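Undergrad:
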Amino acid sequence: MSVPYPSSDGGISVELEKGSAGPASASESGKVDLFPIANPDFEKVKTLKDLALRHITLAQFPVVSAWREKLFAPEGTPEICDELPRLLTEFLRKPENRALPPYTRRAKAIRHIFANKTAIVKPDDLLPGQTTTSFVGPVVYADTIGYCIWPELKTVATRSQNPFKIRPEVAERLNREIFPFWLEQKPIQELARYSDYDSADYENRDRIGGDYPESIDPPLHKKAGETPKAQELMERVAFFLSDKATCVSHTVPDFERVLKYGFDGLIERAKQDIASGAAATPQQVEFLQGVIEVYEGAKIYAQHLAEAADQAGNQVLAAICRKVPARPAETLHEALAVVWICYHLLLQENTNFGFSVGRLDQILNPFYLADWQKLDSPQAQEDYSRRAVELVCHFFLHCSDHVPLSTTGSETLFAGSGSNQALTVGGTRYENGKVLDAVNDMTYIILKATEILSIRDPNVHARYHRDVHHRDAQGNPLPAEVMDPYLKRICQVNILTRATPALHGDAAVVPAMASYYAAHAGISPEEALADAYDYTSIGCIEENAAHKHYGNTGSTLMVLPAVLELALYGGKHRSDGVAPKSPNLFYGDERYTTLPLTKLDGMPAFIEAFKFQLHEMARHVVQCNNYFGRFYEQSRQSPFLSGLFTGPTNTPDSDGASFLDLTAGGAKYNSAGIAVIGLADVIDSFCVLDSLVFGGKISAGELLAAMQADFDVKNLQPKSAWAAFLERVKNWLHPEDAPLPLPSLSAERLNQIKEMIRLAPKYGAGIDQTPGGVYNNAIAVKYTHLLTEMLQQVFAQYRTHRGGRYLPGYWSMTNHAGFGMLTKATPNGRRSGESFASGITPCPGVVKANGEPVNLLDHMLSVTSVNANTVQNGYTYNLSLTTRDRGHFEEDTELFSRYMKAFADQNGVLVQMCVSSINDLVAADRAATAAGQAGAGEAERKALEPFKDLMIRVAGYSAYFVTLSPQMRKEIIQRANFGLDSGVEQHTLNPI
Numbered sequence: 001m002s003v004p005y006p007s008s009d010g011g012i013s014v015e016l017e018k019g020s021a022g023p024a025s026a027s028e029s030g031k032v033d034l035f036p037i038a039n040p041d042f043e044k045v046k047t048l049k050d051l052a053l054r055h056i057t058l059a060q061f062p063v064v065s066a067w068r069e070k071l072f073a074p075e076g077t078p079e080i081c082d083e084l085p086r087l088l089t090e091f092l093r094k095p096e097n098r099a100l101p102p103y104t105r106r107a108k109a110i111r112h113i114f115a116n117k118t119a120i121v122k123p124d125d126l127l128p129g130q131t132t133t134s135f136v137g138p139v140v141y142a143d144t145i146g147y148c149i150w151p152e153l154k155t156v157a158t159r160s161q162n163p164f165k166i167r168p169e170v171a172e173r174l175n176r177e178i179f180p181f182w183l184e185q186k187p188i189q190e191l192a193r194y195s196d197y198d199s200a201d202y203e204n205r206d207r208i209g210g211d212y213p214e215s216i217d218p219p220l221h222k223k224a225g226e227t228p229k230a231q232e233l234m235e236r237v238a239f240f241l242s243d244k245a246t247c248v249s250h251t252v253p254d255f256e257r258v259l260k261y262g263f264d265g266l267i268e269r270a271k272q273d274i275a276s277g278a279a280a281t282p283q284q285v286e287f288l289q290g291v292i293e294v295y296e297g298a299k300i301y302a303q304h305l306a307e308a309a310d311q312a313g314n315q316v317l318a319a320i321c322r323k324v325p326a327r328p329a330e331t332l333h334e335a336l337a338v339v340w341i342c343y344h345l346l347l348q349e350n351t352n353f354g355f356s357v358g359r360l361d362q363i364l365n366p367f368y369l370a371d372w373q374k375l376d377s378p379q380a381q382e383d384y385s386r387r388a389v390e391l392v393c394h395f396f397l398h399c400s401d402h403v404p405l406s407t408t409g410s411e412t413l414f415a416g417s418g419s420n421q422a423l424t425v426g427g428t429r430y431e432n433g434k435v436l437d438a439v440n441d442m443t444y445i446i447l448k449a450t451e452i453l454s455i456r457d458p459n460v461h462a463r464y465h466r467d468v469h470h471r472d473a474q475g476n477p478l479p480a481e482v483m484d485p486y487l488k489r490i491c492q493v494n495i496l497t498r499a500t501p502a503l504h505g506d507a508a509v510v511p512a513m514a515s516y517y518a519a520h521a522g523i524s525p526e527e528a529l530a531d532a533y534d535y536t537s538i539g540c541i542e543e544n545a546a547h548k549h550y551g552n553t554g555s556t557l558m559v560l561p562a563v564l565e566l567a568l569y570g571g572k573h574r575s576d577g578v579a580p581k582s583p584n585l586f587y588g589d590e591r592y593t594t595l596p597l598t599k600l601d602g603m604p605a606f607i608e609a610f611k612f613q614l615h616e617m618a619r620h621v622v623q624c625n626n627y628f629g630r631f632y633e634q635s636r637q638s639p640f641l642s643g644l645f646t647g648p649t650n651t652p653d654s655d656g657a658s659f660l661d662l663t664a665g666g667a668k669y670n671s672a673g674i675a676v677i678g679l680a681d682v683i684d685s686f687c688v689l690d691s692l693v694f695g696g697k698i699s700a701g702e703l704l705a706a707m708q709a710d711f712d713v714k715n716l717q718p719k720s721a722w723a724a725f726l727e728r729v730k731n732w733l734h735p736e737d738a739p740l741p742l743p744s745l746s747a748e749r750l751n752q753i754k755e756m757i758r759l760a761p762k763y764g765a766g767i768d769q770t771p772g773g774v775y776n777n778a779i780a781v782k783y784t785h786l787l788t789e790m791l792q793q794v795f796a797q798y799r800t801h802r803g804g805r806y807l808p809g810y811w812s813m814t815n816h817a818g819f820g821m822l823t824k825a826t827p828n829g830r831r832s833g834e835s836f837a838s839g840i841t842p843c844p845g846v847v848k849a850n851g852e853p854v855n856l857l858d859h860m861l862s863v864t865s866v867n868a869n870t871v872q873n874g875y876t877y878n879l880s881l882t883t884r885d886r887g888h889f890e891e892d893t894e895l896f897s898r899y900m901k902a903f904a905d906q907n908g909v910l911v912q913m914c915v916s917s918i919n920d921l922v923a924a925d926r927a928a929t930a931a932g933q934a935g936a937g938e939a940e941r942k943a944l945e946p947f948k949d950l951m952i953r954v955a956g957y958s959a960y961f962v963t964l965s966p967q968m969r970k971e972i973i974q975r976a977n978f979g980l981d982s983g984v985e986q987h988t989l990n991p992i
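Heads up: the sequence shown at position 830 corresponds to 830 in full-length UniProt numbering, and the numbers run straight through without jumps.
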């Protein structure tokens, strides 16, 4: 079989005349023979001889191929659909509905949406229904921030970056009927602002003990109409953002209970719990009645799908929808239909951002094997494996039928992001005290669909255990130089898709999650371990036990360099002024809350100042999240998701339910995730302060002066006499805005400072700690550990409004570029407005102490040195690689596997790969820039065509490179990019 392959310098190779760049249209000169990977163990993978399934090609699935091509054609431009907000508004306009108790009102509203949603089935569909009525639709959640698109209804179709189509009648309804109604309803953020609030009025739901400190809910008391400091800081954007104003979503539902019992069985159990008194309070009874309402709504929608299938002449889907999801599934086709129906209905209730699929191979494999084993000939069995790939392809394409609704402003932070629907394959499981290999037939079938489609959605992740998977069929460890077939296949797919799947290290992740679960009251170490081994990726890269842990992993995005700035300037921020008369950030008065850098006498004092400011920021972060979360619980509950989760409800063969909505803490495990932005920039800044400022090589004033000049000698030019006079007058009138008195720098001295910063110890320059050694990077290793441990300790003391603790992680999506735009120069030499490093990835341009470029292993081992127990909300390590030409495909796959094995062996948590050369990224950026200019025409469109499906990894998810913001494309181009064969950083060989 021939498949597309990166060109000789790592990019894509296509002929423009053949249309969209991708598997269906890549030129023969850019193809490579996909080598087979023999199945060594038919006890584990029972039906596949070649794990690469090289006999299956996209060309064998004409419907799939045409559908994929349409995604990248003009028809694939997302079109705003108003069905969801129209149905919700229609329900809530009625006075009798508004008068209902809040939970009952929410459940009946969701049922109304399900029962009246347009059922769409086409003749050639293998799965029924769509998320919206559009081919690709941004979902409008009017009850959160959907109204933010209101001012752009006339311009959204013509904006240069990621436009949305919108029909005139849809714009008219949104403008005149829907959004005006929601002005009066108040979304979460405004409901909180205009309500009384006292944190002391709320119960402590925390169940965490063990080694964790006693939990804190930072006090917050306010009157209606007041904006507390925590909310004010969040709304300034530059410090942190809370997702409670937009979405919670980041979780994985329990599809298996619907597959096993059907909604009929689940409804019957809920009714029994009401009748028996197991649901003992009126609130618990109301909760279960609400869950029953939405289950019934889902059944009505499925019947409408059956009717639509009949009308389309699709008798197979008509029969399936008459059976499931009301009753248990028996076949693979039925099972996948159940998953898709439930999934896109869940997106009507829960925002389509980070809402994830889970361990799909574990869910589907029993159905696949049962179907396959019923077949009576090898040919029929081979055909059925091909059919399974086709079904999964349809599922992937259905997952591509929706995108987040984004305004022009949010495109800066989230440009190019899909809905971040994480799907996880492989890994391990824990049974009867043993860790078992969970890789199965569906693992490879899903990887095949991933390979031949090469699309952004869903966000595919593979779990790998360094010991369990690195074994032969008899269970013996493989020699170190031999790569196991599962890892080879993951790497093979990564090279071919250029960006997916990401790789999680089970040996690092499981103990970290198990320690958190075991700290819960009533959870034994064995139960905690079993749940941890069932973790799945959430949203971008976060790890939670599937449908047991409601982790709200995207709870808050926190800008760590903002804390660094407060430590540098004594609690003051440059956006407010840092002069003696300027206000401090948290209290608004003139005092310094810690000594500024120029007054500190050593690095220990600076660390204490940083810790103080971190505690202050964390307190406000938690206040804001808990405050919003309690209003979220009152107004936007999740009865459907709660009915598909372990904890809130029972199944026919389980007991012990809490009968609480997930928003109220009903899940088995609860937590809230803090995504820390800018870690690498702060580590490197600590290294500069320790080795240069407190090392006596430059003064604190000189460093601040270099930052004030933005590390640019052009900014050292003396002001004219008139400009100097105006500045003196301004400072006299507004002393709070006066600049700090700092030493003057000559151009020569500024260049010396910049060079010293460039050669200072850096995160990413390796882990050598040999005293006096030329590559000694001990300072960077020290601060890598100190900062990640400090963040874990600071947040672990706080409890969430649902119970459980705050867990830090390091993933940034595209926010590191957006937040970087809002942040002035930092001590590590980063200039004002430049992007922060992504996730936990080292900063670009890192060199060793003697000026030599870092190599791939330096980079990787710096990341794996982070203690996994300090990153229980996950981390993103973005690794960019350049392959050789197609003649080296098998050798490159082997090398790729060795690097990934080294990552797992060193206790790495998560690595995601971007296999594109710098030159190709630069070419794609130029084409995207030209096509986005006013007056761009056919020539520019044609030049962009080869790059339209160039998939890359951002910082937690895959995206199409040309859909990213210019700032984000620049950041990706500047990332360290290593030659796969040499390990050499490519910027040193090919300067941009």
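We put the beta carbon where it would ideally sit given N, CA and C, even for glycine.
None of the values given here were measured: they were computed from a predicted structure.
(1) Going along the chain, which residues of its own chain have a beta-carbon closer than 6 Å to the beta-carbon of Tyr533, five neighbours each way excluded?
(2) Which class does Ile538 belong to by DSSP, given the choice of helix, strand or coil?
(3) Decide if Val846 is buried, meaning its Cβ has at least 16 other Cβ atoms within 10 Å, or exposed.
(4) Using the C-alpha atoms, what's the distance from Asn670 back to Ser555?
(5) Ser160: which of Met951, Phe947, Leu597 and Ala928 sits nearest, CA to CA?
(6) Using DSSP with H/G/I as helix, E/B as strand and the rest coil, what is Gln185?
(7) Threshold first: 3 residues or longer. Then list the beta strand (DSSP E) segments lying entirely within the stretch 915-961, N to C.
(8) According to DSSP, what are the bridge partners of Tyr875?
(9) Are there 16 or more other CB atoms within 10 angstroms of the CB of Val729, so buried, or fewer, so exposed?
(10) Identify which residue in Phe179, Glu890, Gly809 and Asn815 has its Cα closest to the Cα of Ile149.
(11) Specify the secondary structure class of Gln912 as computed by DSSP and reduced to three states.
(12) Between Phe164 and Ala675, what straight-line distance do the alpha-carbon atoms span, to the nearest angstrom?
(13) Compare the Cα-Cα distances from residue 1081 to each of Asp905, Leu487 and Ile757 and report the closest residue.
(14) Give the DSSP-derived three-state secondary structure of Val425 in the structure shown.
(15) Whole alpha helix (DSSP H) runs in the stretch 451-504 with 4 or more residues, listed along the chain?
(16) For Ile320, I'd like the list of residues in its chain whose CB is within less than 6 Å of its CB, leaving aside the five on either flank, ordered along the chain.
(17) Tell me whether Pro853 sits in a helix, a strand or coil according to DSSP, three-state version.
(18) Suppose you measure from the CA of Leu759 to the CA of Ala837; what does that come to, to the nearest Å?
(19) Any idea what DSSP makes of Val676, helix, strand or coil?
(20) Helix, strand or coil: how does DSSP classify Asn977 here?
(21) Does the separation of the CB atoms of Asn815 and Lys244 fall below 8 Å?
(22) Where does the unbroken beta strand (DSSP E) through Leu557 begin, and where does it stop?
(23) Kindly indicate which three-state DSSP category Phe353 falls into: helix, strand or coil?
(24) Determine whether the beta carbon atoms of Ile840 and Tyr806 lie at a separation below 8 Å.
(25) Output the distance between the C-alpha atoms of Ala224 and Ala192, rounded to the nearest integer angstrom.
(26) Under a Cβ-count criterion, where at least 16 other Cβ atoms within 10 Å of its own Cβ denotes burial, should Pro432 be classed as buried or exposed?
(27) Among Val258, Arg207 and Arg953, which has the Cα closest to the Cα of His547?
(28) Bridge partners of Gly358, per DSSP?
(29) Starting from Lys434, follow the alpha helix (DSSP H) in both directions and report where the run begins and ends.
(30) I'd like to check one pair, Ile973 with Val911: are the Cβ atoms closer than 8 Å?
(31) Would you tell me roughly how many angstroms separate the C-alpha atoms of Pro735 and Ser832, rounded to the nearest one?
(32) Have a look at the DSSP bridge pairing and note the partners of His549.
(33) Nearest to Lys94 by CA position, among Pro458, Pro138 and Lys108, is which residue?
(34) Express the C-alpha separation of Val984 and Pro228 in angstroms, rounding to a whole number.
(35) Whether or not the stretch 652-660 and the stretch 194-202 are in contact is what I'm after, with contact meaning three or more pairs of Cβ atoms, one per stretch, closer than 8 Å; do they touch?
TA: Reading it off the structure:
(1) Thr428, Arg429, Tyr430 and Val510
(2) strand
(3) buried
(4) 12 Å
(5) Ala928
(6) helix
(7) 951-953 and 958-960
(8) Tyr810
(9) exposed
(10) Phe179
(11) strand
(12) 29 Å
(13) Residue coverage of the chain in this structure runs from 1 to 992, which leaves residue 1081 outside it and unanswerable.
(14) strand
(15) 485-497
(16) Glu334 and Ala337
(17) strand
(18) 18 Å
(19) strand
(20) strand
(21) no
(22) Thr556 to Val559
(23) coil
(24) no
(25) 8 Å
(26) Sequence check: residue 432 is Asn here, not Pro. Exposed: under 16 other Cβ atoms inside 10 Å.
(27) Val258
(28) Leu423
(29) Unbroken run through Lys434 is the beta strand (DSSP E), Lys434 to Asp437; no alpha helix (DSSP H).
(30) no
(31) 24 Å
(32) Tyr669
(33) Lys108
(34) 50 Å
(35) no
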